[in-house]
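**Q** My structure is below; once you've seen it, I'll send some questions.
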Amino acid sequence: MDSEVRKPITGVEMLKETRIGFIGGGNMAEAIIKGLLAGGVPASNIMTAEPSAERRELLRETYGVSVCLNNEEVVLPCPVLIMAVKPQVCGDVLKGIASGNAQGKLIVSIMAGVKTGYIEAALNGGVRVVRVMPNTPALVLEAASAISPGSLATADDVALVRSIFELLGTTCEVEEKLLDAVTGLSGSGPAYVFTFIEALSDAGVKNGLPRNVASMLAAQTVLGSAKMVLETGDHPAVLRERVTSPGGTTIAGLHVLENEGLRGTIMTAVDAATNRSKELGEK
Ligand SMILES: NC(=O)c1ccc[n+]([C@@H]2O[C@H](COP(=O)([O-])OP(=O)(O)OC[C@H]3O[C@@H](n4cnc5c(N)ncnc54)[C@H](OP(=O)(O)O)[C@@H]3O)[C@@H](O)[C@H]2O)c1
3 MDSEVRKPIT GVEMLKETRI GFIGGGNMAE AIIKGLLAGG VPASNIMTAE PSAERRELLR
63 ETYGVSVCLN NEEVVLPCPV LIMAVKPQVC GDVLKGIASG NAQGKLIVSI MAGVKTGYIE
123 AALNGGVRVV RVMPNTPALV LEAASAISPG SLATADDVAL VRSIFELLGT TCEVEEKLLD
183 AVTGLSGSGP AYVFTFIEAL SDAGVKNGLP RNVASMLAAQ TVLGSAKMVL ETGDHPAVLR
243 ERVTSPGGTT IAGLHVLENE GLRGTIMTAV DAATNRSKEL GEK
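Residue 168 in the working numbering sits at position 166 of the sequence shown, and the numbers go up by one each step.
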């Protein structure tokens, strides 16, 4: 299967008819809930099981979704379950779900490193699993999410999951074995980009700009450049060439980036994060 990028938004109508249950009501669950509500899914179709009373109260008060303490209360009525707990507790959470009650459900897992086969086996088969690796910009509905179906998931399941995550940003479908590379690139990527923005901002301050002006210019430069890549579809090198005039300021700056090995450093960083994701997945 080739990696394929699809633009938002499709299949939202299908979602509005579906009861969606969250196992774990933390940050990512909250981001997905926000996206679902913004996409017109009624709050009455969203249920969340969450151990923290404070979180349950926040989700109920802020978003009007149903909340409960026991995972089973969400599993029973919801044909689509989003596993949004930390990978470390995943084994215990799956053990706590009676496999009979999970039969025939679509399990959507956003848990980093947890393989679809592991979830299928933990629930004694009979569940369709789709894995998704979103990233932190989901919190502002600008996520990049990669989706991989498990062995029993159907094309309709994948379409439904895409329509959920397209409400949070942009999606693509990849083979499960590529999810470690996705984790190394877009999963960890926001941290690299925050570092880049901070460095640009520091450089602006060093050269006399007030911090707030430097940070705004740095962040907007990254946002605008990213939009140009996505909207033109041009290779980044073509866009770079267009703003690099002979004997100008940009080529002087680019020369330093090449001498200092920025490109190789970024590639090595993504390699390291990808390898770490593989290591954690094996555990
Ligand atoms: N954050 C990201 O950018 C990102 C990106 C891609 C994937 N993910 C994945 O998304 C998942 C959730 O991450 P997050 O950042 O949202 O973490 P989080 O904020 O810690 O949310 C996890 C929630 O699950 C709850 N929980 C713990 N044990 C539970 C149980 N037995 N049953 C039900 N709920 C339980 C936690 O409650 P307590 O706090 O009370 O323990 C917490 O509210 C992780 O698997 C992570 O790998 C996150």
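The C-beta atom is built at its ideal place from N, Cα and C for all residues, glycine as well. Here the structure is a predicted model, which means the values were calculated and not measured.
1. I'd like to confirm the pairing. Which residues does DSSP put opposite Phe198 in its beta bridges?
2. Assess contact between the segment 151 to 169 and the segment 51 to 67, defined as three or more Cβ pairs (one per stretch) separated by less than 8 Å. Is contact present?
3. Starting from Val91, trace the alpha helix (DSSP H) in both directions and tell me its first and last residue.
4. Just verifying my parser: in three-state terms, what is the DSSP assignment at Val215?
5. Tell me whether Arg57 counts as near ligand 1, meaning its Cβ is closer than 6 Å to at least one heavy atom of that ligand.
6. Can you name the start and end residues of the beta strand (DSSP E) that Ala254 belongs to?
7. Just curious, the beta strand (DSSP E) that Met49 is in, first and last residue?
8. Between which two residues does the beta strand (DSSP E) containing Ser111 stretch?
9. What's the gap between the Cα of Asn209 and the Cα of Ala124?
10. So, using beta-carbon positions, are Ala239 and Ala140 closer together than 7 Å?
11. How long is the line joining the alpha carbons of Thr122 and Gly235, rounded to whole angstroms?
12. Distance check for Lys18 and Ser111, CA to CA, integer angstroms please.
**A** Walking through what the data contain:
1. By one-based count along the sequence shown, residue 198 stands at place 196. Answer by DSSP bridge pairing: none, since Phe198 is not bridged.
2. no
3. Translated into positions along the sequence shown, residue 91 becomes position 89. Pro89 to Gly98 is the span of the alpha helix (DSSP H), which, as asked, contains Val91.
4. Locating residue 215 in the sequence shown gives position 213, where the first residue counts as 1. DSSP places Val215 in helix when its eight states are reduced to three.
5. Against the sequence shown, residue 57 aligns to sequence position 55. At least one heavy atom of ligand 1 is nearer than 6 Å to the Cβ of Arg57, so yes.
6. Numbered from its first residue, the sequence shown carries residue 254 at position 252. Here Ala254 belongs to no beta strand (DSSP E); instead the alpha helix (DSSP H) covers Thr251 to Glu262.
7. Translated into positions along the sequence shown, residue 49 becomes position 47. Its beta strand (DSSP E) spans residues Ile48 to Ala51.
8. Here the question's residue 111 lines up with position 109 in the sequence shown. In the DSSP assignment, Ser111 falls within the beta strand (DSSP E) that extends over Leu108 to Ser111.
9. Position 207 of the sequence shown, counted from the first residue, corresponds to residue 209. Position 122 of the sequence shown, counted from the first residue, corresponds to residue 124. Answer to the nearest angstrom: the Cα atoms are 57 Å apart.
10. Residue numbering aside, residue 239 sits at position 237 when the sequence shown is read from its first letter. Residue numbering aside, residue 140 sits at position 138 when the sequence shown is read from its first letter. Not closer than 7 Å, so no.
11. As a working note, residue 122 is residue 120 in the sequence shown. As a working note, residue 235 is residue 233 in the sequence shown. Reading off the sequence, residue 122 comes out as Glu, not Thr. Approximately 38 Å between the Cα atoms of the pair.
12. On the sequence shown, position 109 is the one that residue 111 refers to. On the sequence shown, position 16 is the one that residue 18 refers to. Between Ser111 and Lys18, the C-alpha separation is close to 20 Å.
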